[in-house]
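Please read the structure below before turning to the comments.
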Amino acid sequence: MATFEERSGSYRAIIRRKGYSVQKKTFKRKADAQKWARSVENEMDRGIFVSRNEAESTTLNELLDRYANEISEKKKGVVKELSVIKIFKETDLAKMFIGAIQGKDLSKYRDKLISENLSGSTIKRRFSLLQNLYNVAIKEWSISGIENQVQKITIKVKENERSRRLNNDEEEILLKTALEYNTNIYNIIIFALETAMRRSEITALLWNDINFQDCIIKIRTSKNGFSRTIPMSIKCKEILRSLTTEYDKVFNIRNDSITQAFSRICDRAKIEDLRFHDLRHEAVSRLFEKDFNIMEAASVSGHKDLRMLKRYTHLKAENLVEKMR
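Residues 1 to 325 (our numbering) make up the sequence shown, in order.
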């Protein structure tokens, strides 16, 4: 039988049952304490009771800290993931016990992000982390009495897919301005257009990854965790031959430095709404315009999900005219 203790105007229900750890919970009303005790004892009698003590005493904030230390720190994308965790820790959700968070709470947060005009990919990235946290908490940390609440809501949001390509004489103006700005960033821009490599892949590239004899480049680390080998174009080879081999890295520059320099170059060139990542979009589209089939393009770009190539392949109609004849 459960016992009840009155403490400072509240009531604590205590259940001691052989084979189970002691269960305790405090309520403002004795009737609520009695109702909870009956429910728990009934589940114990039926052999289906699962303790929710940890779920009801651990906040999302505490789980985010544990996830950051035990899971995120082992990932390649640790910096980005810790950034998302920091954002979550500043929300009202972080103050709630993990066992108290319901689908409606996550729906409210989702709607808030949508109202702030965040991109679909940003919103999905945040909920993807939260969903993985739930899975780890349930399967690896054995926190009982919780369900993955992310699975109970719809994350269908308007996608903000970019289809930006270089128009008219933008490439000529961009390269001219880049050369005036800095030779290194000028080479990086051409290299990106010739290889379709991601910014992080370019900055991680080592001279040991370059094979001039076979005209190939080895990409050892990529966003999806797989390595790949891509062919060098003539222009790409010329760029590499012109560079110094003083450092182990081919381009001795940080990711954020490329972004900042590219933004300044676009401002000076009066080119609007162009990001460095759009050069990858442009490069992959050009592969298709050179008659690469989808598997050949994927081997260069590194896409594992071929459907994702649709986001990057916006072919220029004028280049397809001949094929229509």
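C-beta: ideal position from N, C-alpha, C; glycine also.
These numbers were taken from a predicted model, which means no experiment stands behind them.
Bounding residues of the alpha helix (DSSP H) (the contiguous stretch that carries residue i)
i           : result
residue 97  : From DSSP, residue 97 is part of no alpha helix (DSSP H); its letter is neither H nor E.
residue 237 : 234-242
residue 217 : Looking at the DSSP string, residue 217 is not in any alpha helix (DSSP H); the run it does join, the beta strand (DSSP E), is 216-219.
residue 41  : 30-46
residue 201 : 199-204
residue 281 : 278-289
residue 89  : 78-89
residue 132 : 120-139
residue 255 : 255-269
Extent of the continuous beta strand (DSSP E) run through residue i
i           : result
residue 176 : Element bounds for residue 176: not the beta strand (DSSP E) but the alpha helix (DSSP H), 170-181.
residue 149 : No beta strand (DSSP E) holds residue 149; DSSP gives it neither H nor E.
residue 13  : 10-15
residue 165 : Counting along the chain, residue 165 falls outside any beta strand (DSSP E), and DSSP gives it neither H nor E.
residue 5   : 3-7
residue 23  : 23-27
residue 230 : 228-231
Spatial neighbours of residue i in its chain, beta-carbon cut-off 8 Å, leaving aside the 5 residues before and after
i           : result
residue 150 : 106, 127, 130, 131 and 134
residue 22  : 14, 15 and 16
Cβ neighbours of residue i in the same chain (closer than 6 Å, five flanking residues each side left out)
i          : result
residue 27 : 11 and 33
residue 79 : none
Spatial distance of residue i from residue j (CA atoms)
i           : j           : result
residue 60  : residue 289 : 49 Å
residue 42  : residue 56  : 20 Å
residue 156 : residue 74  : 29 Å
residue 254 : residue 304 : 26 Å
residue 118 : residue 212 : 43 Å
residue 152 : residue 102 : 9 Å
residue 232 : residue 63  : 46 Å
residue 183 : residue 176 : 10 Å
residue 113 : residue 244 : 46 Å
residue 147 : residue 29  : 27 Å
residue 36  : residue 90  : 32 Å
residue 77  : residue 219 : 17 Å
residue 210 : residue 306 : 26 Å
residue 296 : residue 141 : 43 Å
residue 70  : residue 123 : 23 Å
residue 6   : residue 47  : 29 Å
Of the listed residues the options, nearest to residue i (C-alpha basis)
i           : options               : result
residue 38  : 4, 63 and 66          : 4
residue 200 : 110, 25, 84 and 277   : 277
residue 271 : 221, 172, 182 and 236 : 172
residue 236 : 302, 253, 196 and 115 : 196
residue 292 : 305, 279 and 309      : 309
residue 137 : 68, 121 and 286       : 68
residue 298 : 227, 249 and 241      : 227
residue 94  : 205, 109 and 139      : 109
residue 189 : 251, 6, 22 and 296    : 251
residue 214 : 191, 234 and 70       : 234
residue 198 : 169, 207, 154 and 256 : 256
residue 84  : 121, 165 and 54       : 121
residue 179 : 294, 262, 1 and 286   : 262
residue 58  : 86, 96 and 222        : 96
residue 88  : 125, 104 and 70       : 125
residue 328 : 79, 7, 296 and 275    : A question about residue 328 goes unanswered here, because the residues of the chain that appear run from 1 up to 325.
residue 111 : 273, 154, 141 and 70  : 154
residue 170 : 266, 285 and 300      : 266
residue 2   : 287, 40 and 285       : 40
Supposed contact pair residue j and residue i - C-beta distance, whole angstroms, cut 8 Å
i           : j           : result
residue 52  : residue 99  : 5 Å
residue 217 : residue 229 : 7 Å
residue 264 : residue 186 : Residue 264 to residue 186, Cβ: 13 Å. No contact.
residue 13  : residue 24  : 7 Å
residue 222 : residue 302 : 5 Å
residue 174 : residue 269 : 6 Å
residue 191 : residue 258 : Their Cβ separation, rounded to whole angstroms, is 11 Å, which puts residue 191 and residue 258 out of contact at 8 Å.
residue 54  : residue 143 : 5 Å
residue 139 : residue 206 : That pair is no contact at about 38 Å.
Cβ shell of residue i (< 7 Å), same chain only, five flanking positions each side left out
i           : result
residue 44  : 17 and 20
residue 81  : 72, 75 and 129
residue 193 : 279, 282 and 283
residue 294 : 306 and 309
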